[in-house]
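Participant: Here it is, the structure in full.
Number of protein chains: 2
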Amino acid sequence: MGRLCVGLIGPGLIGKSLVQQLGQQTPYLRDKLGIHLSLVAVANSKRQLLADVDAAPLQLAGDWLERLQLQGAPLDLPAFARHVSAPGGWGVIVDCTASDSVPDHYESWLGSGLHVVTPNKKYSAALRAARGGGARLLAEASVGAGLPVLSTLRDLVETGDQVTRIEGILSGTLSYIFNTFRPGTPFSSVVAAAKDLGYTEPDPREDLSGMDVARKVVILARACGLSTELEDLRVESLVPEPLQALPGADEFMARLPEFDAEMAQRADAAAAEGGVLRYVGVVDVASGTASVTLQSFPADHAFAQLQGSDNLIAFTTQRYAATPLIVRGPGAGAAVTAAGVFGDILQIARSVAPRPAEAGKA
Amino acid sequence: MGRLCVGLIGPGLIGKSLVQQLGQQTPYLRDKLGIHLSLVAVANSKRQLLADVDAAPLQLAGDWLERLQLQGAPLDLPAFARHVSAPGGWGVIVDCTASDSVPDHYESWLGSGLHVVTPNKKYSAALRAARGGGARLLAEASVGAGLPVLSTLRDLVETGDQVTRIEGILSGTLSYIFNTFRPGTPFSSVVAAAKDLGYTEPDPREDLSGMDVARKVVILARACGLSTELEDLRVESLVPEPLQALPGADEFMARLPEFDAEMAQRADAAAAEGGVLRYVGVVDVASGTASVTLQSFPADHAFAQLQGSDNLIAFTTQRYAATPLIVRGPGAGAAVTAAGVFGDILQIARSVAPRPAEAGKA
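Protein chains in written order, with UniProt numbering: chain G, 1 to 362; chain D, 1 to 362.
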């Protein structure tokens, strides 16, 4: 029986959902893969809780969050990592933060043989470190949450297909907004409805700026072998320029209607051609460029047929040339994002599970 | 550097495409995964060619097919398997046949520690043998060819999601036929056009019987944990009963127009409700039932929006409850099917690649 030690940083909605899923599946995975998943360390931005693996493993479904808050020691990431890589098993650090600084540590963790799994979109700087060595950096949930996006792209690349173009509706928020927005409905009222439904960030400008989509496009571009940086992207912000510097979200929402006529004009122009507007991220591998823009699509296009807040990612390749390979579905939410993270942990668990020869000896 | 020995049975269109892809990607995978993929044995239904691994590995892109035909020894599957599991590496047997009998050997191969990868839809009887031991049976390409269908379903199941329903358009041939068939067009002329385009089997009744779709539905049902057998399925054959026993395809095609009125009536009835006909496989996990039937879908349904000969598989689960997770795209063809097989080989390659501690020592 192998053991995979999991260290979780970031016990927010996704982290908590992940711990619950891990706890529920531990017995099944022990039987199925012959590997024991063990949560051995948790940390938030200030504190950490390290379990004595042999004497008293952290209770996966227990009171770990309360213990972290009450008994946690001050955060010490090097000590956290040493604990996860304790001898007698394999270790994986799961970064469920949206932090800018935690990814700075990935390279040293990977270098010391620890696997890293994250939904954090800021991970791409560490990608180089994951090449060559045995430790892996997996970030399926950073694009499309639980949808099989990066794993699909990796299989296309590694089996030698030539990806020519990736087009995606990569934000559930902006998917909802443009699936709902149509001629006759003020754009600002659609944004207000999305905000009321909790689909947007507290300040909707964070969604409308397109930067979240842009980060995902960078991840997709790099997975195609391009060296795209965020600064290289053409990103069309949907925040009107005069509203970008306003201090608060309320002020922004109050003044957004001033720009409804402009957006109505664009929607009308699209409708006049029988199309609809969609906010789309594109990686054009042939030209090596990437962009995030609002575009018009004809009614029979897969993007035009999207509903609700679904994501949709279309891969056009040498093998999928006439019609693309498409993955579609909800691309946000704690449970599906945690499942995407869990899927990556499973990839690693399978790679450290007993091998046939060893299984025979067990 | 690890070595993964590949033994290929079935050097047809898919097998040849696979060997070409393997040959092209071997250097990349050696650098990326630290593992050397080596084709060490090939066989057709009569002959086999075993390479001396150390002295003269089979040339992946070379004249192996000619040598198989000219110099091959009589087929001896036990000797073939022993050769693939030669010491000093890991072995995988790739069954690219559509044979009923080759899958009978999977259980003993798996028992001896050999991995098995196949697009052969008749593999499901061996699934039980793959449980528990370290050797794995992977068959991604048996459903949807290169589309990520079974890997997606496996991740849903293993991360603890509850699959409630799978609905799929699982035949490229029948997808094309019903995406093209509409009121005013005789059904028989659509079938004739599909036949002329090479989309159908030489005898289109093989497609229209629904048995190919039924086999895929059984695979999906079993991956959900059901114990569905082919005999349990309700399968609506699209071959009119009086034409089932006709000896030849030509006779069948000549008499199919007699039944155009019947199909036109169904298409008209669907159109009267604003819908279209689609031939759909369904696994209803809650009730434990599965079926393959011709149904009407409203115009805004994902099935109704399908074009060309695409497959589409929709997973409705506890986590994907409001809108399903959808995978869509071409689900047939030698290159994409071979890529699906190759993806499975990569899964296995990653699991036998050097581990972090070993990589550090290398």
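All C-beta atoms in this analysis are idealised placements derived from N, C-alpha and C, irrespective of residue type, glycine included.
#1: From the DSSP output, in three-state form, read off D:Ala322 for me.
#2: Taking the Cβ atom as the reference point for each residue, do residue 368 of chain G and G:Phe181 lie within a distance shorter than 9 Å?
#3: For G:Pro27, which of helix, strand or coil comes out of DSSP?
#4: Please confirm whether G:Pro148 and G:Lys122 have their CB atoms less than 9 Å apart.
#5: Going by DSSP, name the residue or residues bridged to D:Glu167.
#6: Are G:Ala41 and G:Val19 closer than 9 Å when you measure CB to CB?
#7: Is there a C-beta anywhere in chain D that falls below 9 Å from the one on G:Gln71?
#8: Report the three-state DSSP secondary structure of D:His115 (helix, strand or coil).
#9: Taking the C-alpha atoms as reference points, what is the distance between G:Ala261 and G:Gly184?
#10: In this structure, what does DSSP give as the bridge partners for D:Arg3?
#11: At a CB distance below 7 Å, what residues from the region 179-194 of chain D approach chain G? Give them in sequence order.
#12: Distance cutoff 9 Å, beta carbons only. Does D:Phe303 sit that close to anything in chain G?
#13: Just to confirm, are G:Thr159 and D:Phe342 a CB contact at a threshold of 9 Å?
#14: Determine the chain G residues that contact D:Leu29 at a beta-carbon separation under 8 Å, and present them in chain order.
#15: D:Ala353 to D:Gly2, Cα distance in whole Å?
#16: Would you say G:Ile219 faces chain D, with C-beta separation under 9 Å as the test?
#17: Beta carbons nearer than 7 Å to chain B: which residues of the region 209-236 of chain G have them?
#18: Quick check on this structure: which residue in G:Ala51, G:Gly15, G:Arg222 and G:Arg278 has the alpha carbon closest to the alpha carbon of G:Ser175?
#19: Okay, do the region 162-172 of chain D and the region 285-293 of chain D touch, 3+ Cβ pairs below 8 Å being the bar?
#20: Consult DSSP for D:Lys361 and reduce its assignment to one of helix, strand or coil.
#21: On the criterion of 16 or more Cβ atoms from any shown chain inside 10 Å, does D:Lys195 qualify as buried, or is it exposed?
#22: At a CB distance below 8 Å, what residues from the region 143-155 of chain D approach chain G? Give them in sequence order.
#23: Among the candidates D:Ile345, D:Thr323 and D:Leu312, whose CA atom is the shortest distance from the CA of D:Ala332?
#24: Counting only Cβ-Cβ distances shorter than 8 Å, please list the residues of the region 320-331 of chain D near chain G, keeping chain order.
#25: Name the chain G residues that come within less than 7 Å of D:Phe342, Cβ to Cβ?
#26: Starting from D:Asp95, trace the beta strand (DSSP E) both ways and give me its first and last residue.
#27: Helix, strand or coil for D:Asp155, going by three-state DSSP, please let me know.
#28: Could you tell me if G:Leu150 is buried or exposed, where buried requires 16 or more neighbouring beta carbons within 10 angstroms of its beta carbon?
#29: Below 7 Å on C-beta distance, what does residue 364 of chain G contact in chain D?
#30: How would you list, in chain order, the residues of chain G whose beta-carbon sits under 9 Å from the beta-carbon of D:Val6?
#31: Who are the Cβ neighbours of G:Pro11 in its own chain at under 7 Å, not counting the five residues just before and after it?
#32: Would you check if the distance between the CB atom of residue 363 of chain D and the CB atom of D:Val283 is smaller than 9 Å?
#33: Quick one: does D:Trp64 have its CB under 9 Å from some CB of chain G?
#34: Which residues in the same chain as G:Asp161 place their Cβ atom closer than 8 Å to its Cβ, once the five residues preceding and following it in sequence are excluded?
#35: Below 9 Å between beta carbons: does that hold for G:Pro330 and D:Ala314?
#36: Tell me, please, whether the region 190-207 of chain G touches the region 134-148 of chain G by the rule of three or more beta-carbon pairs shorter than 8 Å.
Facilitator: Based on what the coordinates show:
#1: Assigned with DSSP and collapsed to three states, D:Ala322 falls in coil, not helix or strand.
#2: What the structure shows of chain G is the stretch from 1 to 362, and residue 368 of chain G is not part of that stretch, so it cannot be assessed.
#3: Correct three-state label for G:Pro27: helix.
#4: No, they are not a contact pair.
#5: In DSSP, D:Glu167 forms a bridge with D:Val282 and D:Ala314.
#6: Remark: C-beta atoms of G:Ala41 and G:Val19 do not approach each other more closely than 9 Å.
#7: Using beta-carbon distances, G:Gln71 does not count as an interface residue toward chain D, since no partner is under 9 Å.
#8: Three-state result, D:His115: strand.
#9: Looking at the two C-alpha atoms, the distance is approximately 10 Å.
#10: D:His36, per the DSSP bridge assignment.
#11: Under the 7 Å Cβ criterion, the region 179-194 of chain D contributes no residue.
#12: Closer than 9 Å: no.
#13: Contact check for G:Thr159 against D:Phe342 passes: the beta carbons are separated by less than 9 Å.
#14: In chain order, Glu158 make up the part of chain G whose C-beta sits under 8 Å from the C-beta of D:Leu29.
#15: One alpha carbon belongs to D:Ala353, the other to D:Gly2, and they sit about 6 Å apart.
#16: No, no contact with chain D.
#17: Note that chain B does not occur in the displayed structure, where the protein chains are G and D.
#18: With distances taken between CA atoms, G:Ser175 lies nearest to G:Arg278 out of G:Ala51, G:Gly15, G:Arg222 and G:Arg278.
#19: As far as the Cβ criterion goes, the region 162-172 of chain D touches the region 285-293 of chain D, which means the pair count is three or higher.
#20: Unreliable positioning characterises D:Lys361 in this predicted model, as indicated by a pLDDT of 38, which lies under 50. The coordinate reading is nonetheless provided below. In the three-state DSSP reduction, D:Lys361 falls in the helix class (H, G or I).
#21: By the neighbour-count rule (16 or more Cβ atoms within 10 Å), D:Lys195 is buried.
#22: Only those residues of the region 143-155 of chain D whose C-beta falls short of 8 Å from the nearest C-beta of chain G are listed: Gly146, Leu147, Pro148, Ser151, Thr152 and Asp155.
#23: Nearest C-alpha to D:Ala332: D:Leu312.
#24: Within the region 320-331 of chain D, contact with chain G at the beta-carbon level (separation under 8 Å) is assigned to Tyr320, Ala322, Thr323, Pro324, Leu325, Ile326, Val327, Arg328, Gly329 and Pro330.
#25: Simply Thr159.
#26: Taken as a continuous stretch (DSSP letters only), the beta strand (DSSP E) holding D:Asp95 covers Trp90 to Asp95.
#27: Residue state, collapsed to three classes: helix.
#28: Per the 10 Å Cβ criterion, buried.
#29: Residue coverage of chain G in this structure runs from 1 to 362, which leaves residue 364 of chain G outside it and unanswerable.
#30: Contact note: D:Val6 does not reach chain G at a C-beta cutoff of 9 Å; the least C-beta distance is about 14 Å.
#31: If we look at G:Pro11 and ignore the five residues flanking it on each side, its Cβ neighbours are Val42, Asn44, Leu65 and Leu68.
#32: Because residue 363 of chain D is not part of the residues shown, which for chain D are 1 to 362, the question remains open.
#33: No, D:Trp64 does not count as interfacial toward chain G.
#34: Around G:Asp161: Thr317, Gln318, Arg319 and Tyr320.
#35: No; because the gap between Cβ atoms is not below 9 Å, this pair is not in contact.
#36: Between the region 190-207 of chain G and the region 134-148 of chain G there are fewer than three C-beta pairs closer than 8 Å, too few to call the two in contact.
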